[in-house]
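Let me begin by presenting the structure, written as C-alpha cells, before commenting on it.
Number of protein chains: 2
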Amino acid sequence: MTYCVGMTLDRGTVFMSDTRTNSGVDNISTFRKMFTWEVPGERAITLMTAGNLATTQAVVSILDERAKTQADRAPGILTAPTMFQVASLIGQTLREVILGNRSGGMTADTGLFAATLMVGGQIGQGKQRLFLIYPEGNFIEAGDDTPFFQIGETKYGRPILLRAYDPAMSFEDAVKLLLVSFDSTIKANLSVAPPLDVHVYDKDSLHRGRMFRIDGDDPYYQTISNGWGVALREAFTRLPAFGFPEKGRSGG
Amino acid sequence: MTYCVGMTLDRGTVFMSDTRTNSGVDNISTFRKMFTWEVPGERAITLMTAGNLATTQAVVSILDERAKTQADRAPGILTAPTMFQVASLIGQTLREVILGNRSGGMTADTGLFAATLMVGGQIGQGKQRLFLIYPEGNFIEAGDDTPFFQIGETKYGRPILLRAYDPAMSFEDAVKLLLVSFDSTIKANLSVAPPLDVHVYDKDSLHRGRMFRIDGDDPYYQTISNGWGVALREAFTRLPAFGFPEKGRSGG
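Line by line, the protein sequences give chains B and R. The first sequence maps to residues 767 to 1018 in my numbering. The second sequence maps to residues 767 to 1018 in my numbering.
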C-alpha cells in the first residue's frame, strides 16, 4: 500500500508521501511516489501516486516523455492551459496504461493494475487546485468543505486530520499535523514506511517550493512519534472519567 | 460495516459493539451485534458479530436453538466444556451457514455471505479467553502480546488503542478508551453508529457482568466526543513545532 496526503491551506498546498512499496510482505522496496514539474513563474505541478507501481511509473514516464517531446501536438502537462486540463490529461494517461496492461490478454481484471493519483498545483492566473484521480481516469477536486485528500492506506491517519486541520494553519503546523497522521499510519500498518517526501507549495509563487525528505531516524520525526504517544495518553487521562450507569438503567 | 472491540484486561474483559447495519447507504437499520449466554456460576459467554446480517442472525439463532434442545446430543455453547470448544462450535456453525447460502445455487461466491465473529468469556475452572473467528470457521486467540481484537471497520480507531491500552487499566478507563476509539470511527465512517452496546465481564465471576447501551445523545458520550477533539488539538499544539530544514539539506 502507500499513504499520501495533499492538503490545501490558505497560504498554499502541502504534499506528503511515504516511500514503501511491497509486492507481498517479503518483497519491499523504497520508491519515490511524489513527482513535480515546473515552468518557473508559470506553473508548478505535484503528482503523488498510490497503487500498482508498474502502472504509476509508466504514467509518470509517459507524462515526462510527452512533456519533453516538442513534436507532439497535444498539450502535455507543461503546456496544458489549466490545472483542470492537467488532471484530465493525467486521468487519460492513467486509464490508457491500465487498459493497455489488460489488453495484453493475460487477464481481464484491470483491478490488478489499478492506481489512484493526486495532482495539485497552480498555472498562470489560475487558482491553486488539488485533484484526486481514480483508476477510471475521472477525478474530483478539493474545495472548502473537503480541503484535503488522502490516497492509499487512509483510515488510520484520518481522525487526527479531521480534528486538527485548519485552513489558516502555518506550513510548519501543517507538516507537523501530517507527520502525526503518517506516524499513526506507520505504527499500525507495515505497508507504509518512511522516508517521507514533502513538498510545500507557496500559493501564487508558481515555483516549486521547499522539497525535502524526512528519514525514519530524523530527530524531529522521532520526537513527534514518541511525543504523540505520550500526548495522546495525557489527553486521554484528562478526559472526564467514565462512571457505570445505575443498575436501574442497565439493559441486557 | 460494523465496529466491535473485545479487550482483555487483568480484571476481566470489556466488549463494545455498535448497532448500525446497512445494505447500501439508503437502507440503514439498528441491530444488536452483541449476544450473551450464561449458566450462572458456571459460564458466561459473549459473542459479537460483523458482516452479513442474515448470516450472523442465523448463526445466533442456531446457537440458541441448539443450546436449548436437550435432545441434541452434541454439546451446545451452554454445555461445551471449554472456551476453545465454544469457539470451535461457533466457527463450525458460521461456516455451515455461509456454505449453506452458497449451496442454494444462486451464487458460488461465499464472500457475499461472509461474517467475522468474536467470542469471549470463561467456563468453570478455565481462564477468561477471547477468540476472533474467521468466515472459514477457524480462529485465533488473544494473548499477552495481542490482548484485544477488533472486527469490522477497525482502522480509524486502532491508533488510540495501540497507544493507550494498558492491561492493568480499570473497567472505567477501558470503557472510556473504547468510547474514544468508537467515536473516532463514527466521526469518519457512516457505516458505524451508536447506540453502542457494552458488556463488562468480571474475571472469575462466571456471571454476565454489567451490560448497558450508550446512546448517541448520552451526555458522557457527548463529553468524550467533543472533549476528545479539543484534547487532540491541545495535544497537537503542545508537540514541538516543526522547523523547515536548511536549504543545504533539501533534496529534489
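Ideal Cβ positions, reconstructed from N, Cα and C, are used throughout, including at glycine.
Of all the beta strand (DSSP E) runs that stay within the bounds of the region 860-938 of chain B, which reach a length of 3 or more residues?
881-889, 895-899, 905-907, 914-918
Consider the Cβ of residue 1005 of chain R: report whether some Cβ of chain B lies at a distance smaller than 7 angstroms.
yes
Could you check the C-alpha separation between residue 939 of chain R and residue 882 of chain R for me, to the nearest Å?
Between residue 939 of chain R and residue 882 of chain R, the C-alpha separation is close to 27 angstroms.
Just how far apart, CA to CA, sit residue 905 of chain B and residue 772 of chain B?
Distance between the alpha carbons of residue 905 of chain B and residue 772 of chain B is about 14 angstroms.
So what does DSSP say about residue 783 of chain R, is it helix, strand or coil?
strand
Could one say the Cβ of residue 807 of chain B lies closer than 7 angstroms to chain R's Cβ atoms, at least one of them?
no
Sheet register partners of residue 811 of chain B (DSSP bridge)
B:803, B:887
If you measure from the beta carbon of residue 1018 of chain B to each beta carbon in chain R, is any gap under 7 angstroms?
With a pLDDT of only 40 at residue 1018 of chain B, under the threshold of 50, the placement of this residue in the model should not be trusted; the figure read from the coordinates follows. Interface residue, yes.
If we define contact as Cβ-Cβ less than 7 angstroms, is residue 785 of chain B a contact residue for chain R?
no
Under 7 angstroms from the C-beta of residue 862 of chain B: neighbouring residues of chain R:
Within 7 angstroms Cβ-Cβ: nothing; residue 862 of chain B doesn't reach chain R, min ~28 angstroms.
Show which residues of chain C have a CB atom less than 7 angstroms away from the CB atom of residue 926 of chain B.
The structure shown has no chain C; the protein chains it does contain are B and R.
Figure out for me which residue from B:969, B:961, B:966, B:965 has the closest Cα to the Cα of residue 982 of chain B.
B:961
Using a Cβ distance threshold of 8 angstroms, determine whether the region 882-893 of chain B contacts the region 801-810 of chain B, with at least three qualifying pairs required.
yes
Segment limits, alpha helix (DSSP H) that includes residue 827 of chain R:
819-834
Ordered along the chain, which non-local residues of its own chain (more than five positions away) have a Cβ less than 8 angstroms from that of residue 990 of chain R?
942, 945, 946, 949
Verify the CB distance criterion: does residue 804 of chain B have a CB-CB separation below 7 angstroms to chain R?
It does not: the Cβ of residue 804 of chain B has no partner Cβ on chain R nearer than 7 angstroms.
Does the beta carbon of residue 1011 of chain R come closer than 7 angstroms to any beta carbon on chain B?
yes
Kindly confirm or deny that the region 1005-1012 of chain B and the region 771-789 of chain R touch, where touching means at least three C-beta pairs closer than 8 angstroms.
no
Taking Cβ-Cβ distances below 7 angstroms as the criterion, which residues of the region 904-934 of chain B are in contact with chain R?
921, 922, 924, 925, 926, 928, 929, 930
How about residue 784 of chain B and residue 769 of chain B: are their beta carbons less than 7 angstroms apart?
Yes, the Cβ-Cβ distance between residue 784 of chain B and residue 769 of chain B is below 7 angstroms.
What number of angstroms, rounded off, separates the C-alpha of residue 907 of chain B from the C-alpha of residue 914 of chain B?
One C-alpha to the other measures close to 9 angstroms.
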